[in-house]
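> Quick one: the structure is below, and I'll ask about it shortly.
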Amino acid sequence: MTRVLAILFLILAALPVRGNEIVGALSQNRVSLTANFSGSEILIFGAIRHDLDVAEESPYDVVIVIEGPHQPVDIWRKDRRMGIWMNVESVSMASVPSFYAVATSAPLDEILTPETDAEHRISASYAIRPDQATGQVEDPSLFTSALMRIRERAEQYLTLDRWVFLDRDILFRANVQLPANLTEGAYTTRMYLVRDGDVVNQFRTAIFVRKEGIERWLHQLAYDQPLAYGLLALLIALAAGWGASEAFRYLRH
Amino acid sequence: MQIYLPIAEISVNALTLLGIGGGVGLLSGMFGVGGGFLITPLLFFIGIPPAVAVATGVNQVVASSVSGVLAHMKRRTVDLRMGWVLLIGGLIGSVAGIALFRYLSEMGQIDLAVQLSYVIFLGVIGLLMLQEGLRAWYRTSRSNAPRRKLHTHIWVHKMPFKMKFRVSGLYISVIPPIMVGMLVGLLSAVMGVGGGFIMVPAMIYLLGMPTKVVIGTSLFQIIFVTAFTTVMHAVTSHSVDIMLALFLILGGVIGAQVGAQVGLKLKAEQLRILLALVVLAVCAKIGLDLLLRPDEFYSISIPGRD
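First to last, the protein sequences are chains A and B.
Residues 1 to 253, numbered by the working numbering, are exactly what the first sequence covers, in order.
Residues 1001 to 1306, numbered by the working numbering, are exactly what the second sequence covers, in order.
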């Protein structure tokens, strides 16, 4: 905690003399996917610089967005054909976030106008860019809303209302739990300072998620030298099968 | 204890994996089957992407078949010549299966294809086994029933390219064994199974091989075909997860040894009926998923990953 306070103090000291500024930091900006990785909690904190000349205005709100690396997806719809439920049509999207969390100090629709939300692509429904959906279907919006629904249920897309704790309009912090099934890459973290339905200021940083240790080694081997990887998998299987039968024979005698 | 799988890119409970491996290993030791037909659907149920489940399931079958074939080699109950012929067919089938797997993945129909193959094959084999087991049970309780004819001539024996298989005591065309091998290779690549559950009945009823060499010979073929399929999946789709395989194998080999001891204490007919019921239960579970109205009509797939 003292370290956090020290960093906060440095942030405050470093702020230029200019009104309405938000500066943030993360408790860690590197997440290692090791063999026993089971999710990670990240503390996001920061400070708000007030414009002292301006008379008392309405209070600030803070919105924090964490956006995982983008991936292409296919969304399939099932229908009944000959008595069997099967995939019948699909929509492709070239680039949607693999993880998306919006944490706010108050419900998003109460603190931001829809126009501002759309402009900054804050809500997940804007961030996935529904207009990029392509496919031979009647209504692509059914598919994009299904994407949101499925990913929200899987807790890959999160809406964390009243999750950001604001202290006297100066300090803010939020704890966000990153799930266990993270994809490698940069997780951009945006912090918005909001007042009267508008974004006053924003700050960007990133969390870097990468595989480490044996996970990294195996993943690289699988993609760089697939033949060696396949033979290694085989060797392990053969050794385990043979070893177990020998071990049990020894135990029985 | 959670474990992060580097290829599947999800975190799962290590004990769940050990439990699946151990449970299926127990059954495979008791019944002398590879257990791929149970491992692969169970991996689907815990959320492993289908491509990874199939490729890793095949890898697990290699491990569970090795100890079995070693025991049969020592007892000289492997018809090596028949094994090689089946293997040639198996490798051709595996190559075709991997191509088919890729094609169906791109079409978005791989889940359906895998599920349908499971329902059809498990349903047919399960019913046949159940009928056979019940009949055998009935026969042992009335010991003076007529015995089955040792050797019958069917269409299989009229084909060209005949070859002598001394261990099996057969002089038949190589075409049927190659066809059987191809079908098994195809299934191994698409369904992530060894294919023993289809090869064993085919060897007995179609090729007319003596029962005592059937298990050893089929294991011989299965090891090579699954080994080949593992490497092929690793090279073409990077979908073998060694970390996942390690936990399944660990649970599997221990379960198999325990199961083999338990199996000795049960009667063969009861064992066969029990296995038939397990097979039919898996078949029913997968079949119902296809027939019942799903809760969610939409699904997401990430192109290039499954």
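The C-beta atom is built at its ideal place from N, Cα and C for all residues, glycine as well.
#1: Quick one: is residue 1240/B near chain A, going by C-beta distance under 9 Å?
#2: Just the chain A side, please: which residues come within less than 8 Å of residue 1194/B by C-beta, in chain order?
#3: Please name the residue in 198/A, 180/A and 225/A whose C-alpha comes closest to that of residue 1001/B.
#4: Once you ignore the five residues that flank residue 1204/B on each side, which residues in its own chain have a CB closer than 7 Å to its CB?
#5: Of all the CB atoms in chain A, is at least one closer than 9 Å to the CB of residue 1254/B?
#6: Under 8 Å between beta-carbons, which chain B residues line up against residue 35/A? List them in chain order, please.
#7: Which residue or residues does DSSP assign as beta-bridge partners of residue 197/A?
#8: I want to verify the contact list: residues of chain B whose CB lies under 9 Å from the CB of residue 250/A, in sequence order.
#9: In chain order, what residues of the same chain lie with their CB nearer than 7 Å to the CB of residue 1185/B, ignoring the 5 residues before and after it?
#10: Taking the straight line between their C-alpha atoms, what separation do you get for residue 43/A and residue 67/A?
#11: Check whether the stretch 1007-1025 of chain B and the stretch 1246-1257 of chain B are in contact - that is, three or more C-beta pairs closer than 8 Å.
#12: So residue 1051/B and residue 1237/B are supposed to be a Cβ contact under 8 Å. How far apart are they, rounded?
#13: Who are the neighbours of residue 1294/B on chain A, taking C-beta pairs under 8 Å?
#14: Can you name the residues of chain A whose CB is closer than 8 Å to the CB of residue 1070/B?
#15: With residue 1057/B and residue 1039/B assumed to form a contact (beta carbons below 8 Å), what rounded beta-carbon distance in angstroms separates them?
#16: Could you say which of 1026/B, 1116/B and 1173/B lies nearest to residue 1161/B if we only look at CA atoms?
#17: Quick one: Cα of residue 1272/B to Cα of residue 1070/B, how far?
#18: Would you mind stating whether residue 150/A and residue 1117/B have Cβ atoms separated by less than 9 Å?
#19: For a contact meaning CB atoms closer than 7 Å, what does residue 1040/B contact in chain A?
#20: Which runs of the alpha helix (DSSP H) at least 4 residues long sit entirely within the stretch 1259-1293 of chain B? Give them in chain order.
#21: Can you list the residues of chain A that residue 1218/B reaches, using a CB-CB cut of under 8 Å?
#22: Under 8 Å Cβ-Cβ, which residues of chain B neighbour residue 234/A?
#23: Which residues in chain B have a C-beta closer than 8 Å to the C-beta of residue 73/A? List them in chain order.
#24: When the Cα of residue 95/A is compared with those of 129/A, 196/A, 32/A and 152/A, which residue comes out closest?
#25: Just how far apart, CA to CA, sit residue 174/A and residue 22/A?
#26: For residue 101/A, which of 191/A, 80/A, 89/A and 242/A has the nearest alpha-carbon?
#27: Please confirm if the stretch 76-88 of chain A is in contact with the stretch 156-171 of chain A, defined as three or more CB-CB distances below 8 Å between the two stretches.
#28: Quick one: is residue 253/A near chain B, going by C-beta distance under 9 Å?
#29: Please go through the stretch 124-160 of chain A and give each complete beta strand (DSSP E) segment of 3 or more residues, from N-terminal end onward.
#30: Could you name the residues that DSSP lists as bridge partners for residue 1111/B?
#31: When you check each C-beta in the stretch 1096-1117 of chain B against every C-beta of chain A, which residues fall closer than 7 Å?
#32: Let me make sure I understand the geometry here. Which of 107/A, 246/A and 172/A has the alpha-carbon closest to that of residue 1066/B?
#33: For chain B, find out if any of its Cβ atoms is closer than 9 Å to the Cβ of residue 134/A; answer yes or no.
#34: Under 8 Å Cβ-Cβ, which residues of chain B neighbour residue 144/A?
#35: Mind listing, in chain order, the continuous alpha helix (DSSP H) runs of no fewer than 4 residues lying wholly within the stretch 1167-1246 of chain B?
#36: Could you run through the stretch 178-198 of chain A and flag, in chain order, every residue whose CB is less than 9 Å away from some CB of chain B?
On the basis of the coordinates in this document:
#1: Yes, because at least one Cβ of chain A sits closer than 9 Å to the Cβ of residue 1240/B.
#2: In chain order: nothing, as chain A lies at least about 12 Å away.
#3: Selected option, being the one with the closest Cα: 180/A.
#4: Excluding sequence positions up to five before and after residue 1204/B, its CB lies within less than 7 Å of the CB of 1211 and 1214, all in the same chain and listed in chain order.
#5: By this cut-off, residue 1254/B is an interface position.
#6: Result: 1003, 1004 and 1243.
#7: In DSSP, residue 197/A forms a bridge with 112/A.
#8: Residues of chain B passing the Cβ test: none, with the nearest at roughly 11 Å.
#9: Cβ neighbours of residue 1185/B beyond the five flanking positions: 1089, 1090, 1091, 1092, 1093, 1094, 1097 and 1225.
#10: It is roughly 15 Å from the alpha-carbon of residue 43/A to the alpha-carbon of residue 67/A.
#11: Taking one beta carbon from each stretch, the stretch 1007-1025 of chain B and the stretch 1246-1257 of chain B have 3 or more pairs nearer than 8 Å; the two touch.
#12: About 6 Å separates the beta carbon of residue 1051/B from that of residue 1237/B, a gap short enough to meet the 8 Å contact definition.
#13: The contacting residues are 78 and 85.
#14: Those within 8 Å of residue 1070/B in chain A are 242 and 245.
#15: Your pair residue 1057/B and residue 1039/B checks out as a contact, with CB atoms roughly 5 Å apart and the cut at 8 Å.
#16: For residue 1161/B, the closest C-alpha among the options 1026/B, 1116/B and 1173/B is that of 1173/B.
#17: The alpha-carbon separation between residue 1272/B and residue 1070/B amounts to approximately 23 Å.
#18: Cβ distance not < 9 Å, so residue 150/A and residue 1117/B don't count as in contact.
#19: Result: empty, since nearest Cβ-Cβ is about 15 Å, beyond 7 Å.
#20: 1268-1291, all fully within the stretch 1259-1293 of chain B.
#21: What residue 1218/B touches in chain A: nothing, since even the nearest Cβ is about 16 Å away.
#22: Per Cβ cutoff of 8 Å: 1059, 1062, 1227, 1230 and 1231.
#23: For a Cβ distance threshold of 8 Å, residue set 1300, 1301, 1302 and 1303 of chain B lies close to residue 73/A, ordered along the chain.
#24: The residue with the shortest Cα to Cα distance from residue 95/A is 129/A.
#25: One C-alpha to the other measures close to 14 Å.
#26: Closest by C-alpha distance to residue 101/A, out of 191/A, 80/A, 89/A and 242/A, is 191/A.
#27: They do not touch, by the three-pair rule.
#28: Cβ-Cβ to chain B under 9 Å: no for residue 253/A.
#29: Within the stretch 124-160 of chain A, the complete beta strand (DSSP E) runs of at least 3 residues are 157-160.
#30: Its beta-bridge partners do not exist; DSSP assigns none.
#31: Those residues of the stretch 1096-1117 of chain B that come within reach of chain A (Cβ to Cβ, closer than 7 Å) are 1108, 1109 and 1112.
#32: Checked all of 107/A, 246/A and 172/A; the closest Cα to residue 1066/B is 246/A.
#33: Not closer than 9 Å to any Cβ of chain B, the Cβ of residue 134/A fails to qualify, so no.
#34: Contact note: residue 144/A does not reach chain B at a C-beta cutoff of 8 Å; the least C-beta distance is about 10 Å.
#35: Entirely contained in the stretch 1167-1246 of chain B, the alpha helix (DSSP H) runs reaching 4 residues are, in chain order, 1175-1191, 1196-1201 and 1211-1237.
#36: In summary, the residues of the stretch 178-198 of chain A whose CB is separated from some CB of chain B by less than 9 Å are 179, 180, 181, 182, 183 and 184, in the order they occur in the chain.
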